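Read through the structure below, which is laid out as structure tokens, and then see the notes.
In the numbering used here, the protein residues as written are -3 to 531.
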């Protein structure tokens, strides 16, 4: 308010609806009677004659508090003029409230701010949102951006003002404005916050989600660890708005988070599965759940959800999203939240955390023209260290290999076992064809994939000879055909490994035949997704 009052083209009004608010709500304030006797308290007159009445200046700045938008005010209040919203983190302001009034959810007014923001968006007038922290951290850039959004010129005078009370101050200024009366500019924020009054902890928990909801729409965000990177484009833009299951509820994408005390955060202590949905059916659901429960048992998880409970969470999440085809699910079961930081599973006393993350996702590899692989120097974990048959979330072994693949501009990286034989890629199982025979490595070091087992069954069904044995890297270099398998990418032909052309560099006949057989199988089988009957 003081910033805008420095403009020579702007009239400033300090909370013109305060009297109306006090009259309608009956709330107590030390200055209540003074305000009621000296301010216009008829909301219609305030809006029509004061806020939108005639004036001498080009612009009129009206400071409002969200909770002062009481029922019965004219629609013009939002429909006319230009609006912006100033927010402050409740963590930083709760302690100052009790100097005048006891802080409460109502007094903070964040629900009212979210409501106003939503209504303005519905009117086609999404308001700029400014965080007080940005004004303190970088006032000039923040104000310039705001003025641009409001389509008014920026004035350098907005950056400074004289100390002391102002003629524009409301009657409540002696109770609320003592610190701002001592200011002459937007002061830099404290490097370290004041100790938080933990008597307000519950109120902070209640109010922060509403603050964060508005903060997502801030033009600029002040943060100790703010990323300088622009917001990236999503591979599938439709996934910007999706619903995920976390714990025991369905939440929007930006709210899909686990506790910092969860084992998956503390130590990658979780198991997971990838599921694909084809034509209203989940392919190989039972097999994936079998492996998840086997992995959880191997890791000694306790208080694990039942099979039916996990299925129900999957079905509900898919129905909520309307996802019945061309969908991939990342299904995760963590050991759960801990009572305190630490490695020991003895700290996990809340039960497991279930995550169902569905996305619109076509196969992630080029299954028509083929993909390229390189061999990583990172070796696949040995059962001596960490058994790959446990489908766990601690994927650093695979990620290190994937980094090598990325650096070589390859689609993925082949990982060898401790003796130098091919195990799998960083993300998939691998097969080769030589003289009509289909070969794949033993599942000693690699994950015995569900898609791998399915393709092995199809190989036999299609009357090809199947061999499972140790395979050296040179055998893959000289193969007639190579492909990889996985739920995410299905059956993906490989046309080059370490610079060597595989076969004639095109997708081979055995690969094509098995791709077609796999496609037919996904069309014909799977667990149906139950839905509500049509009414």
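Cβ coordinates follow ideal geometry from the N, Cα and C atoms, glycine included. As the structure is a computational prediction, the values presented were derived from the model and not from experiment.
Less than 9 angstroms between the C-beta atoms of residue 168 and residue 95, yes or no?
Not a contact, by the Cβ cut-off of 9 angstroms.
Who are residue 489's beta bridge partners in DSSP?
Residue 489 pairs with 479.
Less than 6 angstroms between C-beta atoms, sequence neighbours within five positions excluded: which residues of the same chain meet that for residue 532?
Past the boundaries of the shown model lies residue 532; the chain is included only from -3 to 531, so the question cannot be answered.
Which two residues bound the contiguous alpha helix (DSSP H) that contains residue -2?
Its alpha helix (DSSP H) spans residues -2 to 1.
Can you give me the C-alpha to C-alpha distance between residue 453 and residue 208, rounded to a whole angstrom?
Near 51 angstroms, if we compare the C-alpha coordinates of residue 208 and residue 453.
Count the CB pairs spanning the region 261 to 277 and the region 477 to 491 that are closer than 8 angstroms, and state whether there are at least three.
Cβ pair count under 8 angstroms is three or more, so yes.
Three or more C-beta pairs closer than 8 angstroms, one from the region 384 to 402 and one from the region 415 to 431: is that the case here?
Contact between the region 384 to 402 and the region 415 to 431 is present, with at least three C-beta pairs closer than 8 angstroms.
Under a three-way DSSP split, which group does residue 411 fall into?
Three-state DSSP puts residue 411 in a strand.
Check residue 309 in the structure and name its three-state DSSP category.
The answer is helix: DSSP assigns residue 309 an H, G or I state.
Could you spell out where the alpha helix (DSSP H) holding residue 516 opens and where it closes?
For residue 516, the enclosing alpha helix (DSSP H) has its first and last residue at 505 to 520.
Beta-carbon within less than 6 angstroms of residue 319's beta-carbon, same chain only, minus the 5 sequence neighbours each way: which residues are those?
Answer for residue 319: 354, listed in chain order.
Beta-bridge pairing of residue 395 - partner residues as DSSP gives them
According to DSSP, which records beta bridges pairwise, residue 395 is partnered with nothing at all.
At 3 residues or longer, what runs of the beta strand (DSSP E) sit wholly inside the region 52 to 123?
Within the region 52 to 123, the runs of beta strand (DSSP E) that reach at least 3 residues and sit entirely inside it are, in chain order, 55 to 59 and 81 to 83.
Cα-Cα separation, residue 211 to residue 381
For residue 211 and residue 381, the distance between alpha carbons rounds to 45 angstroms.
Beta strand (DSSP E) containing residue 464: first to last residue?
Looking at the DSSP string, the run of the beta strand (DSSP E) that includes residue 464 is 461 to 464.
Throw me the rounded Cβ distance for the residue 89 and residue 125 pair, which I believe falls under 8 angstroms.
Incorrect: roughly 16 angstroms between the Cβ atoms, too far for contact.
On the premise that residue 104 lies in contact with residue 203, defined as a C-beta separation below 8 angstroms, what is that separation, rounded to the nearest angstrom?
Sure, about 5 angstroms apart at Cβ, within 8 angstroms.
Check the C-beta distance from residue 409 over to residue 371 and give it rounded, since I have them as a contact under 8 angstroms.
Indeed they touch by this definition, with Cβ atoms about 7 angstroms apart.
Where the beta strand (DSSP E) through residue 17 begins and ends:
Counted as a single uninterrupted DSSP element, the stretch harbouring residue 17 is not any beta strand (DSSP E) but the alpha helix (DSSP H) occupying residues 14 to 21.
Should residue 532 and residue 155 be called a contact, given that it needs their Cβ atoms to be closer than 9 angstroms?
Outside the shown range of the chain (-3 to 531) lies residue 532, about which nothing can therefore be said.
How big is the Cα-Cα spacing for residue 56 and residue 214?
Those two C-alpha atoms are separated by around 23 angstroms.
Taking 8 angstroms as the cut-off, is the beta-carbon of residue 168 closer than that to any non-hydrogen atom of the ligand HEM?
For the structure depicted, the ligand HEM is absent and the ligand set is empty, with no information on it obtainable.
Rounded C-alpha distance that separates residue 531 from residue 315:
In this predicted model, residue 531 has a pLDDT of only 46, less than 50, meaning its place in the structure is not dependable; the value taken from the coordinates is given anyway. So the alpha carbons of these two residues sit roughly 16 angstroms apart.
Give the list of continuous beta strand (DSSP E) stretches no shorter than 3 residues that lie fully inside the region 432 to 473.
The region 432 to 473 contains, as complete beta strand (DSSP E) runs of 3+ residues, the segments 433 to 436 and 461 to 464 (chain order).
Do you know offhand how far residue 50's Cα is from residue 43's?
Those two C-alpha atoms are separated by around 12 angstroms.
Residue 305 burial status per 10 Å Cβ neighbour count (16 or more: buried)
Result: exposed.
Complete alpha helix (DSSP H) runs within the region 279 to 363 (minimum length 4 residues, chain order):
Runs found: 281 to 294 and 303 to 317.
Could you say which of 333, 456 and 54 lies nearest to residue 253 if we only look at CA atoms?
A check of alpha carbon separations from residue 253 across 333, 456 and 54 identifies 333 as the nearest.
Per DSSP, cross-strand counterpart(s) of residue 10
In the DSSP output, where bridge partners are listed per residue, residue 10 has 59.
Euclidean distance between Cα positions of residue 249 and residue 359
If you draw a straight line from the Cα of residue 249 to the Cα of residue 359, it is about 22 angstroms long.
Cβ neighbour criterion (16 or more within 10 Å) applied to residue 280:
Classified as buried, residue 280 has 16 or more neighbouring CB atoms from the shown chains inside 10 Å of its CB.
Ignore the nearest five residues each way along the sequence and tell me which others in residue 386's own chain have a CB closer than 6 angstroms to its CB.
Taking residue 386 as the centre and dropping the five residues before and after it, the same chain places the C-beta of 291 and 294 closer than 6 angstroms to its C-beta, in chain order.
CA-CA distance, residue 186 and residue 127?
If you take the alpha carbons of residue 186 and residue 127, they lie about 15 angstroms apart.
According to the Cβ coordinates, are residue 329 and residue 164 closer than 9 angstroms?
No, they are not a contact pair.
With residue 384 and residue 257 assumed to form a contact (beta carbons below 8 angstroms), what rounded beta-carbon distance in angstroms separates them?
For residue 384 against residue 257, the beta-carbon gap comes to about 28 angstroms, at or over 8 angstroms, which does not count as contact.
Residue range of the alpha helix (DSSP H) that residue 127 falls in?
Per DSSP, residue 127 belongs to no alpha helix (DSSP H); it is in the beta strand (DSSP E), 125 to 127.
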